[in-house]
Each structure stands twice: as structure tokens, then as C-alpha cells.
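The structure under discussion appears below in the form of C-alpha cells.
2 protein chains.
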Amino acid sequence: MSFRHGLRLLYCQLPLFSRELTRTWCRYVSSSLALRSETRASDFSSFVARTNTCGELRSAHVGQEVALCGWIQYQRQGLFLVLRDFQGLIQIIIPQDEAHSHVKKVLYDAPVESVVRVTGTVISRPSGQENPRMPTGDIEVKVKTAEVLNSCKKLPFEIKDFIKKSEALRMQYRYLDLRSFQMQHNLRLRSQMVMRMREYLCNLHGFVDVETPTLFKRTPGGAKEFVVPSREPGRFYCLPQSPQQFKQLLMIGGLDRYFQVARCYRDEGSKPDRQPEFTQIDIEMSFVDQAGIQRLIEGLLQYSWPNERGTITTPFPSMSYAEALAEYGTDKPDTRFDMKITDVSDVFRSVEIRFVQNALLKSQGTVKAICIPQGARYLQNKDLESLKESAKSQFNQEVLHLILKPDGTLKSLLSKFLREEHQLEIIRALKVQADDVVLLAAGEHKKVCSVLGKLRLESANLLESRGLVLRDPTAFHFLQVELESAPHPFTAPHPSDTSLLYSDPGKVRSQHYDLVLNGNEIGGGSIRIHNAEQQRFVLEAVLKEDPELLSHLLEALECGAPPHGGIALGLDRLICLVVGAPSIRDVIAFPKSFKGHDLMSNTPDYITPEELEPYHIQVAWPAAEAKANKN
Amino acid sequence: MSFRHGLRLLYCQLPLFSRELTRTWCRYVSSSLALRSETRASDFSSFVARTNTCGELRSAHVGQEVALCGWIQYQRQGLFLVLRDFQGLIQIIIPQDEAHSHVKKVLYDAPVESVVRVTGTVISRPSGQENPRMPTGDIEVKVKTAEVLNSCKKLPFEIKDFIKKSEALRMQYRYLDLRSFQMQHNLRLRSQMVMRMREYLCNLHGFVDVETPTLFKRTPGGAKEFVVPSREPGRFYCLPQSPQQFKQLLMIGGLDRYFQVARCYRDEGSKPDRQPEFTQIDIEMSFVDQAGIQRLIEGLLQYSWPNERGTITTPFPSMSYAEALAEYGTDKPDTRFDMKITDVSDVFRSVEIRFVQNALLKSQGTVKAICIPQGARYLQNKDLESLKESAKSQFNQEVLHLILKPDGTLKSLLSKFLREEHQLEIIRALKVQADDVVLLAAGEHKKVCSVLGKLRLESANLLESRGLVLRDPTAFHFLQVELESAPHPFTAPHPSDTSLLYSDPGKVRSQHYDLVLNGNEIGGGSIRIHNAEQQRFVLEAVLKEDPELLSHLLEALECGAPPHGGIALGLDRLICLVVGAPSIRDVIAFPKSFKGHDLMSNTPDYITPEELEPYHIQVAWPAAEAKANKN
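So the protein lines, in turn, are chains A and B. Residue 631 is where the first sequence ends in our numbering, and the numbering goes up by one at each step. Residue 1262 is where the second sequence ends in our numbering, and the numbering goes up by one at each step.
In C-alpha cells, the structure reads:
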């Protein structure tokens, strides 16, 4: 057995090169390449002290002298090491001859995760010793010189994706967490996707990227806006929740087409998977109607969609809020799977069950059901009980379940009240098959829909946790939901309902819709009010807001405001869904915890009364507040 | 005389089509086209209710049916009107026949600046009646239908560039000011130039666009950071002055190349031409040295430079701080004109003037001068007195002036002390010509340089205000100034001075330089400290800052931090210089006044004590403060 062969054997035994690591890595590399292939090739080694990145080396580089910079992923007894950079891993062969004893010592002594620069020659790995799971697995680099650029202390966790870390630890050492392939991939994909969006908007469709202020005035109903004290006593800026007013003012200013990757702020206290600052793709156009904005957003997403996630087809399906509620029990339906809500009121009209009849007699009274496929096989009794308990506790709604037995009969508490014809009608209406479970609820339309919509998602999650795949994890279902009756301060009424606004505002259909992806709201758009009188009426009479806070916008609308509309996409959520991350914190470089803290730097932090003096504020400590209240 | 011909005559008499307007407009259109020619052609009429923009129509469109949307710039007795959009002006011929009486009435009744949509046919103007100063001057549109989309009230000022408005009025009605060709041009050029920067960084050189938080922790010495109260009593976020820490942490996280068009905040109170929020092109790279960053920034500016402003050549000239001070008396020399500071100490060593000898005897004592070309012809006595008074009041420095008379003698208070040989030496050293004025100062090197540097600029401004062109307004002079001795918390010492850091930190040359354009600092870059121990020493021992505030960064530097460096470009200032605007407020859509106010919306504004309650702060009114101090 040659020395080299022995080295290979050692190498194969390393736990480091587990399947997890190489799998993650290959996934990352292929997706990264797929994205880049559409744009001009990037030069990743311009301006710096390397000739190549570690991860880009291939057989074509054999014979080349290279200079590489990277982190020591692993080092084995001064024989070889694996060097890592953002593009991948490369195996480095350490020379064993006396002439290179200094090189050997330098690399032998350097702790894992130290930063080194090496020069050497790219060589082929001996035949049969290639690693097909590694993109650089056909080659290795024989080192000539080596220099430790910075040494690394013992780390709180290893930089390997398959080593599970608590999220708190990841956040505290975010700069280490960012070295993971997953975070590198997420942030790079985000950057590339946003760049494609910019190309689409700016280069292809003449949009102007305009930066709008984040130190602004409180907006009506802006209770969730952070305040920023100014140096003038009692006067505050606010951090706006969106550039809404500015984008409308830009249209009035004749900018015609505006977009911005806009930082927005919302102080919602502690909320899971929300961030006090977030980013939206903010778009506004003049002379556009609802269809125009929908075509724009479809084109934008199609153009910027990463190759690695397949292609998306347009136009996106569209649904009214009424349909979404009736079929999915929510304004953001997850249309990747069926299990739609079915109205079985007609079946139950002739069934003598007191509580059902009571429900049907009431206004908007209905009986509705969903069918859980294979529920009897995949769900246990306690699962069904927990679903029903969830309906009870969250909605105060009774839900009954029925199971279709292989013999064709429905097993249920209701069985004795249901004649065979009723049972058959239910089975037919819901297309129930053997071992399916039907969840049934009677009551007011909207409530029953909401309950069953919730149970639809909960039971789908349960089924999937038991191994039944309902939702294709590679599928992306976009959906436009028309929210005809959403009251919004700036949304224009449907053209044919304009006069209704003054007589019966509750009946006015508005021109607002949400963009939904896989059951998540990722955007909202609308045609805005461009008539000053109408805007004033909506603020004062309909929404009971003080129009004084918006006097500048009202005056602007009198000065030749073009008809306009727009949309805002929640970028963090969108990228999160595209990369399949469990949380938006995985697509943000330095996110806050759900309490709004930065765990790395201990933010927010105390500051001295002297530092507050220029802003003419002082802290009202709760104890002092309590005391003051007592007096 | 035909009706059409009469209409032409009317048209020619209109004050509206003054040379000012068409000049402005032509400049705008040509520059806008120049920029766009480099990218794929934009479709400005996708998704909306028009076929074309007003400004894009040319002879090639003759015969086409078009739908246009725009603002009424001018309307004349129901005969024709001029419609404006962001791309330009188009003449609309209103049909006079009975069948179109409705169209005529609609357009006749609509006030100026109302928004209309018209459809019609593009026709050639009759031969000889073209307007060559108007890009659409060969054609006009014969209207078939017209619709007023929104009427306009009487405006506080007309939308014509040549009508001068006070800045306060422009700011109060910013949405009207934005309709000016100049503001449209500035914002569009800004958008396009930033887009080109993104292409260079992201597509060509593999940079990752990463968004970093703006709700962060106070940084050491961060007295100018706005504070943002959180919902936890006494705890505050701060709005950072730059993403400095984050970009370093991203390098430690292995991102390799980062950039961001970053919103930054600095609370400097009232300062002219500063904004409380501003934007910088923020760049950081791993494994780079100073030369690498300089090449990057040169490439970036060259690539993104707008065609309409010519081309820029690289590499940019470079100068040490010492040279800049000695020759230009400032760290940001305007190298577009000469008038360099010249040391004439040697001449004066043998001149018996008490105050000069006293100055020369002191440490760093010098006699220096600048030569104002044609000063005696262009400047009056009171100008020279005011220059000297400025030196006196700002620097407490006496300055003398000498005038070279056509007869070859120097006229000056010093004349009687200056022998002919001295006079000749001065004339030779400063290349003085007849009617030039020499300003002379004696004292400590740095002070004298600073005074003369200031006077150099002031006298250049005076000369130019009198009609002598010193600085080519189309010239762009970039300059890299190496600030070897700037103390900065994160800047690495020059490699050969590392050991000096611990023994004699004052002598350490640092790796920091500024980028200067036409005498304005537009950026600053440096190689950062990547060694934790060195960073701690600089913070604690050199800068006397509490390292605790930066403990996360110090710990990160111990975890395998790569060598790294970067640069930040002040985007507002850069664009301001590129478009030649008098103030950065002209390249920002919604700027604040020098007091930090938004005059349109009355920001910052008072908010109620109830709105402050969730943040556990209360206003310390000055009266109450004063009272408290008394007690």
C-alpha cells in the first residue's frame, strides 16, 4: 500500500466527509451555478490576493499554479487539509519533503477555522481516488507556500451544517453561523434574485429606483411606528411602516414608475417570525389598472425566479376573497393540496339534529365539512380529539368527525341520525373514500369556514408528520386574492361603486388584492384613490381618522394627481419560501430575536441619561410610573 | 393665411416656448437617452393605459394611432395644447369640427396641470413649421378622444424650470417640484448610475448585496446617533452612522465580498447641505490590500459613469495627506485649477522683517504664498480686504498681498523691505505675471497651509463670479488622498509600522485614504484591523474607548477573521457633483431642510404622551428641565 493510498483510506474514514456535508454542499454549488449562468460570468478573484476560489477548481485547472485563501475546514496530521471558502472545499496536499518543512509546520500548527493563504499546483487525484460527491473531487492542490493570515481560537460550535445548534447560539455567534453553506446560499440567492428584479424593473420597464425617507411623520393609525426623538423638545420623527405616502407623492410628482427595495419598520412587540425592520419590494405606477399591476408582478417574479427552483407559469390563478373563504376558510389559501371546504347544508336540512337545525336557521347558517384523506390510517384518535379541541378553544366551535369504514358506512356520533341516503350524499359531495375522515361543523358561514380552514392546515401538517405527502415541497403555487371589501385608507373603490361610497360605504368593492404563495401572503397591491375629495371622505367619514395628519397628501391630490396603483412584496418572506427556510431569520444576515433583540451585541441596550439629554426625553421607569399613578 | 399657419404664428409667440424651456428639455432628453443606450431598451408603456410616452414620439411614428397620458403644460383657446410626461412634451392638435365638439370642450375646460388621456394620430407638422429645438418638434398628434383623468387646482407655482422658486416653497410642494425636468433628470440619473454600480459589483465581480440592520446598538463615540426607544424600559436602539461593524462581521462570516446601498443616519443638528439620513455605497472585501480597493473603486466609477458626463480615466492620481496639505492646504484638494501653495521661506530668510523672522524661528515656521491669476484686474480692493479679513477671523492669521505691476515691480506694504532680488525670486517661484496678486502668510506650516488653502478657494470663487473661468465645469478630477496618520478605530496600521503601534502609536501610518472629486470628499476607505489583540489595544490604549461596547466584534476577530478592507462612497454628494446640482437636496426625492425638517409634512412633529407610554419615555420640556436644575 503506497503512502498516497493510505492517505486515501484515512480520508475515507473521516467523519467529516459525511454524506450530510457533501450533499448540502452539492446542492449549494449547483444552485449557485444555475443562477449565475444567466448573467455575465462574475470574476470572484479580481482585486485580491488569490488566483482562484477554492470551490471553483476543476480538472481543467490541472497544472495551473494557484494562490488560494480560505478557512481550514480540517487538517490531518500534517498530511493534507481541506480548505473552504464561500464557493466550496478543496483538498490540499501538504508536501512531506525536508525542503518544505516550514510549510508543513505552519499548516500542522494552525487550528481549525484559521485563515490561510497557500500557493501550489493543481494536480489530478490518482485514478480511482476521485470523490464524485465533491465538485472539486477530481483534483487537489499540492502546496508550495503557506501562510497563516489569522489564527482561530476554539469555537463555540463547529462550522458544519449537520451539527445542530440552538438558534440562540447561532444568533449569538451569527458571524460563525454565516459560514454555513445554508446561510451563504440563502444570502447569495437573495442578492441575486433582488438583482434580477432590479434588472426587470429598471432596465426592462423603465422604473426609477427612488430612495424615500425613513425619518418621517406619524401616519394615521400608526400605533406600531417606532418614534425617534429629535433635538427639538417634544418633536419626534417616526420610522414608517412603508413608503406608502412617498410613493403616491412620487406619482403626483410625475415620476411615472417607481420602485424601491424599501426598509420598513413595525413595532409589534414580541411576535414569532416577525422582525421590527423588514424589507419590501415597493412598486408604484401611474395610469395603471388592477390587471396591469397583476401582469407586472407576474412578469417580475417569473423573470427573477431562480433556475434551481424550476419555472413558474403565468398568469397566476385568481380568486375572490369570498371564494377563498368558502373553499379554504382563509384569505391566503394554500392551493398546493385539495381538501377544500364543502357546503353540505342541503344534505342536513332534512336531518333531524337539533343543533344542526338551529345553526341552519340562523342568518348565514351553514353546515360545512372537509375530508381528510386516509385520516383513519394516519391519524390517531388523540389527533382527531386535538383537532376538535383546537376548534373549540380557538373559535368556540363544535366539530364532529365521521370515518368512512371499508364497508362503506360512516362511523360517527351522528350515525344514528343519518339515513343511508344522507350518508351517500355526504360521501358523494366530499368524494370520501375508505379510511378518510370527514370533519363537520355547523354555524355561521364565515366562522365555520375559518374553523375548517384552520383544521384543514392542521390536519395536513399532521398527515405530513406521519409520512403522507400532501404538498409537493418543490411546488410553488401563486394565487391572486381579490379583497373586494378590505377597508384601506388609500385604496380606490371599484369604478362602478364610486357613488356607493357616499351612500353605503360598507357595500363598496375596493380594488385591492393580495398575492399569496403556498398559503402565505407575500404581497398586497391596490389601485389608489387619486381624487382629493374622495380621499378626504374615506379618511374622515369612513375610517374616522384625523385628515390633518395627511393634509399634505390631500393637497397633493388636488394638484393634478394621475390615477395610480402599486404593490408591495414582502421580500424576507418571499425569499424564505423560495429557499425553503424554516424562518425568515434564515434569510436575513443579522435578524432580531422574536423579542426584538440582537443576541450578538445585546441590542437594545441601556444608555445614560446624559445621552438622552440632547433629545429632551427621560426614561419613565415602570416603578416611577407606578408611583406617579398612585399619587 | 391658412388656419394652420395662423396657429403656428400664435404658437411661435407663446412665452411658454422660451429658449430656457426647450434648452432645459433638450439637455434632459439627450442625457437620458445616452444613459439608456447602454442597457437593453426599456419599455416605458408596458402594463399601462397608453401606447407611447409623450416625449418619445418622432417622425417614425407618423400615421400611428396612439394613446397618451400626461399633464397639460399649456392650452391655447381650444386650438392646441402641449402635453407633458416624464419623457418630454408633445403638441396636440384639437379638432375643430362639430363631430369632435365634446373633445374640444373637455380640453378647453381643463385647467393647466390637469391629467388627461388622449387618443389620436401622429401626423407630420407642415413643412417649415417644425421646431428643431423640441425633440418631438417634427410631429404633432391629432386628437380623436380626450378624457380628463384628474383636474388640477390653481398651483402655488408654475411647472417651468425657468421660473425661480424659493427653496422653502419647492420643499413645501416637493411633489410639484419633482415635475421639473431638472428633478426628473437628477432622480433618473441617480437610479441609472446606482443600477450600473450594482451590475459592476454584483454581476461582474461577485459581490453579495446584503442588507444590514438599522436598529442597532450605540457604537463607541456614537454621540451623533439617533436613539430609538424600545418597549423595554430604559433600553434603546440606535440608528447607526454606517454599517461598519456589520460589514466586518460579514467578512468574518465568510461572505467574501459585500456591498450595500446603505441608509445611514447622523444627527448633527442643523448643518447646511447635510441630511440626517443619507446613503452610502458600502463595500467590503476579504483578502484585499489598499491597491486592490483603489482599483475596485476606480473600476466601479468608470463603469457606472454616465455617458453624458464624458469618460473618466483610471488610475486616479494619488497624493499623500502631507502633499495635499502643503500644496492645497486641505485634505480634499480641488485639482481642477492650479494656484498651488508655494513655500517661499528661503526667499524670506534674508529679508529683515520682524514678524516674518519671528515666524521662521518657530518650530515648523514657514512663509508661503499663492498667486491669484489676473487678480488685480478681476478683484477689487475690497475683495482683497475681505480675503484677508477671512484669514484673520477664521484663523487669526495675518495675510499680506502683493501685486505685480505691468512695469515688473511688486506693489506691496512690504515693498520697502524687499530688495529687487527678493522680488524676482518671489516672481519666479510663483510664476507671477503682470496683474497677478500674491497672497503671503508667515507662520506655522499647517496653519499657513490651511489659511492659504481656504483663500485659494475663496479667491477662485471670486474670480469666477467676475467671469474668469478657472475650473472647467465639465471636468471631473478624482484624487486618492492617503491619510497616513488618521486615527480611526478600525483602520489597520501600515504593515511595517505594526510594532510602532505599541511603542509610539502617534507615529503609526495607517492604511486609510479618502476619495476626492473636484475638491469634495466623496468616499473613504481603509484596510481594517483583523487581529483581535491589536483591535483591543487601539480601542483601549490609543482611543481610550470602552471596548465593552464592541465585545462582540473583538470576540469575532478571534474566530478566524480574514484580512479585509473596504470603502464607502457618499452617494448623495457623488450624484450631486455628477449632475452639477447646487445642493444634495437636489438629488434626493424628499430631503430635509438644514434644520432637519420635512417642510411638506411638518416633520418632526409633536406626539401625545400616550403615544410615548409604550416606550417608557417622557418629554423633558426645557422649562421643566430648567426648574429641575434650580431645585
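Beta carbons: idealized from backbone N, C-alpha and C, even for Gly. All of these numbers come straight from a predicted model, not from anything done at the bench.
Item: Report back the beta-carbon spacing between Thr219/A and Pro243/A to the nearest angstrom; my notes put them in contact at under 8 angstroms.; Value: Not a contact, Cβ separation roughly 11 angstroms.
Item: Reducing DSSP to helix, strand and coil, say where Lys382/A ends up.; Value: helix
Item: Strictly below 8 angstroms CB to CB, what residues from chain A border Arg681/B?; Value: Phe287
Item: Between Tyr739/B and chain A, is there a C-beta pair that is closer than 7 angstroms?; Value: no
Item: Please return the same chain residues whose Cβ sits closer than 7 angstroms to the Cβ of Ser811/B, not counting the five positions on each side in sequence.; Value: Ile790, Asp792
Item: Between Trp1252/B and chain A, is the shortest Cβ-Cβ distance under 7 angstroms, so that the two count as touching?; Value: yes
Item: Since Ala475/A and Arg336/A are thought to touch, with beta carbons under 8 angstroms apart, how far apart are those beta carbons, to the nearest angstrom?; Value: 5 angstroms
Item: Which residue marks the beginning of the beta strand (DSSP E) containing Asp674/B, and which one marks its end?; Value: Run containing Asp674/B: none; DSSP gives neither H nor E here.
Item: Suppose the cutoff is 7 angstroms on Cβ atoms and the five residues either side in sequence are ignored; what does the same chain contact list for Glu458/A look like?; Value: Leu387, Ser390
Item: Output needed for Gln280/A: all residues of its chain with C-beta closer than 7 angstroms, excluding positions within five of it in sequence on either side, in chain order.; Value: Ser242, Ala262, Cys264, Ala568, Leu569, Gly570, Leu571
Item: Taking 8 angstroms as the cut-off, does the stretch 1131-1150 of chain B touch the stretch 1112-1122 of chain B (at least 3 CB pairs, one atom from each stretch)?; Value: yes
Item: My output table needs one value for Ile584/A: the three-state DSSP class, helix, strand or coil.; Value: helix
Item: Where do the ends of the alpha helix (DSSP H) carrying Pro1240/B lie?; Value: 1240-1243
Item: Apart from the five residues on each side of it in sequence, which residues of its chain come closer than 7 angstroms, Cβ to Cβ, to Ala799/B?; Value: Leu1230
Item: So if I threshold CB-CB distances at 7 angstroms, which residues from the stretch 1169-1189 of chain B count as touching chain A?; Value: His1183, Ala1187, Glu1189
Item: Near Val451/A, what residues of its chain come up, given a Cβ to Cβ distance below 6 angstroms and the 5 sequence neighbours on each side ignored?; Value: Ala391, Phe395, Gln397, Ala441
Item: Just how far apart, CA to CA, sit Ser861/B and Phe867/B?; Value: 5 angstroms
Item: Would you mind telling me which residues of chain A sit closer than 7 angstroms to Cys833/B, beta carbon to beta carbon, in chain order?; Value: Ser191, Met195
Item: With respect to the alpha helix (DSSP H) encompassing Gly453/A, which residues constitute its N-terminal and C-terminal limits?; Value: 445-465
Item: What's the gap between the Cα of Ser797/B and the Cα of Gln803/B?; Value: 10 angstroms
Item: Under 7 angstroms, CB to CB, which of the residues in the stretch 296-308 of chain A have a partner in chain B?; Value: Leu296
Item: Give a yes or no on contact between the stretch 411-431 of chain A and the stretch 359-376 of chain A, applying the rule of three or more CB pairs nearer than 8 angstroms.; Value: yes
Item: Please decide whether Asn150/A counts as near chain B, where near means a Cβ-Cβ distance under 7 angstroms.; Value: yes
Item: Check the Cβ-Cβ distances between Val634/A and every residue of chain B, and say whether any is below 7 angstroms.; Value: Not covered by the structure: residue 634/A. The range shown for chain A is 1 to 631.
Item: Would Val772/B be called buried (16 or more neighbouring beta carbons within 10 Å of its own) or exposed?; Value: buried
Item: Roughly how many angstroms lie between the CA atoms of Gly1098/B and Ala698/B, to the nearest whole one?; Value: 48 angstroms
Item: Which of the residues in the stretch 164-185 of chain A, read from start to end, lie with their CB under 8 angstroms from any CB of chain B?; Value: Tyr173, Arg174, Tyr175, Leu176, Asp177, Leu178, Arg179, Met183, Gln184
Item: With a threshold of 7 angstroms on Cβ separation, who are the neighbours of Gln891/B within its own chain once the five nearest residues in sequence on each side are excluded?; Value: Asp840, Val841, Glu842, Thr843, Pro874, Asp913
Item: Hey, is the stretch 73-80 of chain A in contact with the stretch 101-108 of chain A, meaning 3+ C-beta pairs nearer than 8 angstroms?; Value: yes
Item: In whole angstroms, what separates the C-alpha of Asn762/B from that of Gln722/B?; Value: 11 angstroms
Item: Rounded to whole angstroms, what's the CA-CA distance from Ile617/A to Pro609/A? Just pull it up for me.; Value: 9 angstroms
Item: Is Ile914/B close to chain A? Criterion is C-beta to C-beta, closer than 7 angstroms.; Value: no
Item: Give the DSSP-derived three-state secondary structure of Met339/A in the structure shown.; Value: coil
Item: Is Ser114/A closer than 7 angstroms to Ser151/A when the C-beta atoms are compared?; Value: yes
Item: Taking any Cβ of chain B, which residues in the stretch 92-119 of chain A have a Cβ under 7 angstroms from it, in chain order?; Value: Glu113, Ser114, Val115
Item: From Pro233/A, Tyr513/A, Arg295/A, pick the residue whose C-alpha is nearest to that of Ser677/B; which is it?; Value: Arg295/A
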